[in-house]
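**Student:** What follows is a structure written as C-alpha cells; I'll ask about it next.
Protein chains: 2
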Amino acid sequence: MATQERPATQPTAEDAWALVWQVFQADKSRRWKIISDFGLTPMQGMALGVLDAERPPTMSELAAHMHCDNSSLTGVVDRLEAIGVAERVPAPGDRRARCVALTAKGRELQARFREAMRPAPPHLQHLTADEAAQLHGLLRLAVDRHAAASGEDAAA
Amino acid sequence: MATQERPATQPTAEDAWALVWQVFQADKSRRWKIISDFGLTPMQGMALGVLDAERPPTMSELAAHMHCDNSSLTGVVDRLEAIGVAERVPAPGDRRARCVALTAKGRELQARFREAMRPAPPHLQHLTADEAAQLHGLLRLAVDRHAAASGEDAAA
DNA sequence: TATTGTTATACTCTATAACTATA
DNA sequence: TATAGTTATAGAGTATAACAATA
Chain A
19 MATQERPATQ
29 PTAEDAWALV
39 WQVFQADKSR
49 RWKIISDFGL
59 TPMQGMALGV
69 LDAERPPTMS
79 ELAAHMHCDN
89 SSLTGVVDRL
99 EAIGVAERVP
109 APGDRRARCV
119 ALTAKGRELQ
129 ARFREAMRPA
139 PPHLQHLTAD
149 EAAQLHGLLR
159 LAVDRHAAAS
169 GEDAAA
Chain B
19 MATQERPATQ
29 PTAEDAWALV
39 WQVFQADKSR
49 RWKIISDFGL
59 TPMQGMALGV
69 LDAERPPTMS
79 ELAAHMHCDN
89 SSLTGVVDRL
99 EAIGVAERVP
109 APGDRRARCV
119 ALTAKGRELQ
129 ARFREAMRPA
139 PPHLQHLTAD
149 EAAQLHGLLR
159 LAVDRHAAAS
169 GEDAAA
C-alpha cells in the first residue's frame, strides 16, 4: 500500500483530526454513563481525575488544568466538598490561595474512577496490539514535540 | 496477552486513548474561542456543524447524533432558530416529527464555521505529512472496523 | 399502546463583573 | 497595584417526568 508514489491526496493532519473528533464524540455517551454511575457530573469527574493526591493544586492551578474559569471551579469544588471527596486546605506560603486536596474517601474514589475511565473506547479496541502501539507512538511524537516547542517558546 | 517478540512493554490501546484525551483536552480553549467568535455555544456549534443541508434530520435523529436527550435539544434548536440559523419544518410522512433545516444564513454560517473548525490543533501540526497520514490511516482502520462490526451486529 | 416532541422542574456549568483579603 | 478566590448574576446545557399529538 505505502509503496505507491506519494499521492496528491495523502490524508493530512486535518483529516486525522476529523477522525479523532469522530471517535471522541462517538464515545461521549459511554463516558457520561461511567461518570454518572459514580454519582458525578462531567466537570466533577474531570476534577477528580486530574487531582494529584501528592501535590494538591491551588484553585487557580486546577482551573488552568481544566481549562475553565476560576469562578466556574468554585461551584465544582463546592460540590466535591459536599460529597466528602475533596477539601480546601490553606496553601503554604500564600494566605490568599487555597489548595484542593483529596480526602481519604476521595483517594479511594479516584482510584476506582480512573480504573473505570481507563479502557479505550470500542473504536480503538478494534485495532491490533501492533496498530495500537503505532497509534500511541504517533500521538506520543505529537505530544512530545509540542511540549518541546512550547518549552522553547517559554524559555525564549 | 500478546506473546510476541515485543513483550508486555508495548503501549496498548488504553495508552493511545490517554494521549487522544490529552490532545483533545489541551485543545479545549482553542475550540471554545472559535465557537464563541461565531456567537455560538458549544452545543449550538455542534448542531451547526453536523446539520445536513441536503437532508434535514428530525429532532430525534439530531439528538441521537449529538448524544444528548431530546428535551435538551429543544432549547438548543430554539436558540438556533432565534438567531435565524435554523428552522423547524414538518417531517414528510410523520406529522408528529419535525425536521431541523438550515436557513440560507445558516448554510452560509455553516460553511464558514466548518472551515474555522477544520484545522488540526497545535499538537498534530507537529507531525510530518507522512506521520499525519499514518495517524489518519490507523484511525480510519478503527472507525471502519467499528462500523463494520456494528453493522454486522445490527444485521444479525 | 408506542413514539415524537415540548414543557416543567431542578440542577450544573459558564463567564463577567464586583468584591475581599492578601501580596 | 496586582493577584487569589468568592459571590452575584444571567444564561445555557442536562436529564427526568408529565403531557399532547400522532402513529
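Sequence lines, in order, name chains A and B. According to the numbering used here, the residues represented by the first sequence are 19 to 174, in order. According to the numbering used here, the residues represented by the second sequence are 19 to 174, in order. All C-beta atoms, glycine included, are put in the ideal place defined by N, C-alpha and C. This one's a predicted model, so the numbers in the text were calculated from it and none came from an experiment.
Can you tell me which of B:139, B:98 and B:112 puts its alpha carbon nearest to the alpha carbon of residue 76 of chain B?
**Tutor:** Here residue 76 of chain B is taken as the residue at index 58 of the second sequence, counted from 1. Per the Cα distances, B:112.
**Student:** Between residue 41 of chain A and chain B, is any beta-carbon pair separated by less than 9 Å?
**Tutor:** For this step, residue 41 of chain A is matched to residue 23 along the first sequence. Closer than 9 Å to some Cβ of chain B, the Cβ of residue 41 of chain A qualifies, so yes.
**Student:** Taking only the alpha-carbon atoms, compute the straight-line gap between residue 153 of chain A and residue 38 of chain B and give it to the nearest angstrom.
**Tutor:** Reading the first sequence from its first residue, position 135 is the one you call residue 153 of chain A. Reading the second sequence from its first residue, position 20 is the one you call residue 38 of chain B. Roughly 10 Å between the two C-alpha positions.
**Student:** Residues bridged to residue 117 of chain B by DSSP?
**Tutor:** For the purposes of this step, residue 117 of chain B is identified with residue 99 of the second sequence, where counting begins at 1. In DSSP, residue 117 of chain B forms a bridge with B:76 and B:107.
**Student:** Report the start-end ranges of each alpha helix (DSSP H) in the stretch 39-74 of chain B that is 4 residues or longer and not cut off at the edges.
**Tutor:** For the stretch 39-74 of chain B, whole alpha helix (DSSP H) runs of length 4 or above, ordered along the chain, are 46-55 and 60-68.
**Student:** Is the beta carbon of residue 41 of chain A sitting closer than 9 Å to the one on residue 139 of chain A?
**Tutor:** Within the first sequence, numbered from 1, the residue matching residue 41 of chain A stands at position 23. Within the first sequence, numbered from 1, the residue matching residue 139 of chain A stands at position 121. Yes, these two residues count as a Cβ contact at 9 Å.
**Student:** Answer with yes or no whether the minimum CB distance from residue 16 of chain B to chain A is below 9 Å.
**Tutor:** Residue 16 of chain B is absent from the structure shown; chain B starts at 19 and stops at 174.
**Student:** State yes or no: is the beta carbon of residue 155 of chain A nearer than 9 Å to at least one beta carbon in chain B?
**Tutor:** Taking the first residue of the first sequence as 1, we reach residue 155 of chain A at position 137. Closer than 9 Å: yes.
**Student:** Using beta-carbon positions only, say whether residue 44 of chain A and residue 144 of chain B come within less than 9 Å of one another.
**Tutor:** For the purposes of this step, residue 44 of chain A is taken as residue 26 along the first sequence, with counting starting at 1. For the purposes of this step, residue 144 of chain B is taken as residue 126 along the second sequence, with counting starting at 1. No; because the gap between Cβ atoms is not below 9 Å, this pair is not in contact.
**Student:** With a threshold of 9 Å between beta carbons, is residue 158 of chain B in contact with chain A?
**Tutor:** Taking the first residue of the second sequence as position 1, residue 158 of chain B is located at position 140. Yes, residue 158 of chain B counts as interfacial toward chain A.
**Student:** Report the option in B:102, B:126, B:95 and B:134 whose CA atom is closest to the CA atom of residue 54 of chain B.
**Tutor:** Indexing the second sequence from 1 puts residue 54 of chain B at position 36. Cα-wise, what sits closest to residue 54 of chain B is B:134.
**Student:** Given residue 88 of chain B, which residues of its chain have a CB within under 7 Å of its CB, disregarding the five upstream and five downstream residues?
**Tutor:** Here residue 88 of chain B corresponds to residue number 70 of the second sequence, with the count starting at 1. Hits under 7 Å: 77, 78 and 81.
**Student:** For residue 103 of chain B, decide whether its Cβ has a neighbour in chain A, counting only Cβ atoms nearer than 9 Å.
**Tutor:** As a working note, residue 103 of chain B is residue 85 in the second sequence. Judged by the 9 Å Cβ criterion, residue 103 of chain B is not in contact with chain A.
**Student:** I'd like to check one pair, residue 94 of chain B with residue 121 of chain B: are the Cβ atoms closer than 9 Å?
**Tutor:** If you number the second sequence from 1, residue 121 of chain B lands on position 103. If you number the second sequence from 1, residue 94 of chain B lands on position 76. Going by C-beta atoms, residue 121 of chain B is not nearer than 9 Å to residue 94 of chain B.
**Student:** Taking all protein chains shown into account, decide if residue 31 of chain B is buried (16 or more other Cβ within 10 angstroms of its Cβ) or exposed.
**Tutor:** Here the question's residue 31 of chain B lines up with position 13 in the second sequence. When all chains shown are included, residue 31 of chain B counts as buried.
**Student:** Relative to the ligand ADP, is the shortest distance from any of its heavy atoms to the C-beta of residue 113 of chain B smaller than 8 Å?
**Tutor:** Of the ligands one can find in the structure shown there are none, so the ligand ADP has no counterpart to examine.
**Student:** Could you tell me the distance, in whole angstroms, from the CA atom of residue 107 of chain A to the CA atom of residue 115 of chain A?
**Tutor:** For the purposes of this step, residue 107 of chain A is taken as the residue at position 89 of the first sequence. For the purposes of this step, residue 115 of chain A is taken as the residue at position 97 of the first sequence. Looking at the two C-alpha atoms, the distance is approximately 9 Å.
**Student:** Alpha carbon to alpha carbon, how far is residue 130 of chain A from residue 110 of chain A? Give it in angstroms, no decimals.
**Tutor:** The sequence position of residue 110 of chain A within the first sequence is 92, counting from 1. The sequence position of residue 130 of chain A within the first sequence is 112, counting from 1. Answer to the nearest angstrom: the Cα atoms are 29 Å apart.
**Student:** So residue 98 of chain A and residue 119 of chain A are supposed to be a Cβ contact under 8 Å. How far apart are they, rounded?
**Tutor:** The sequence position of residue 98 of chain A within the first sequence is 80, counting from 1. The sequence position of residue 119 of chain A within the first sequence is 101, counting from 1. The Cβ separation is near 11 Å, so there is no contact.
**Student:** What residue range does the alpha helix (DSSP H) around residue 142 of chain B cover?
**Tutor:** Taking the second sequence and counting its residues from 1, one reaches residue 142 of chain B at position 124. First-last of the alpha helix (DSSP H) with residue 142 of chain B: 140-143.
**Student:** Pick out whichever of B:100, B:69 and B:168 has its Cα sitting closest to the Cα of residue 125 of chain B.
**Tutor:** Numbered from 1 along the second sequence, position 107 holds the residue referred to as residue 125 of chain B. The option with the nearest alpha carbon to residue 125 of chain B is B:69.
**Student:** Can you say whether residue 150 of chain B is buried or exposed, counting buried as having 16 or more other CB atoms within 10 angstroms of its CB?
**Tutor:** Stepping through the second sequence from its first residue, residue 150 of chain B is reached at position 132. Flag for residue 150 of chain B reads buried.
**Student:** How is residue 158 of chain B classed by DSSP in three states: helix, strand or coil?
**Tutor:** For the purposes of this step, residue 158 of chain B is identified with residue 140 of the second sequence, where counting begins at 1. If DSSP states are grouped into helix, strand and coil, residue 158 of chain B belongs with the helices.
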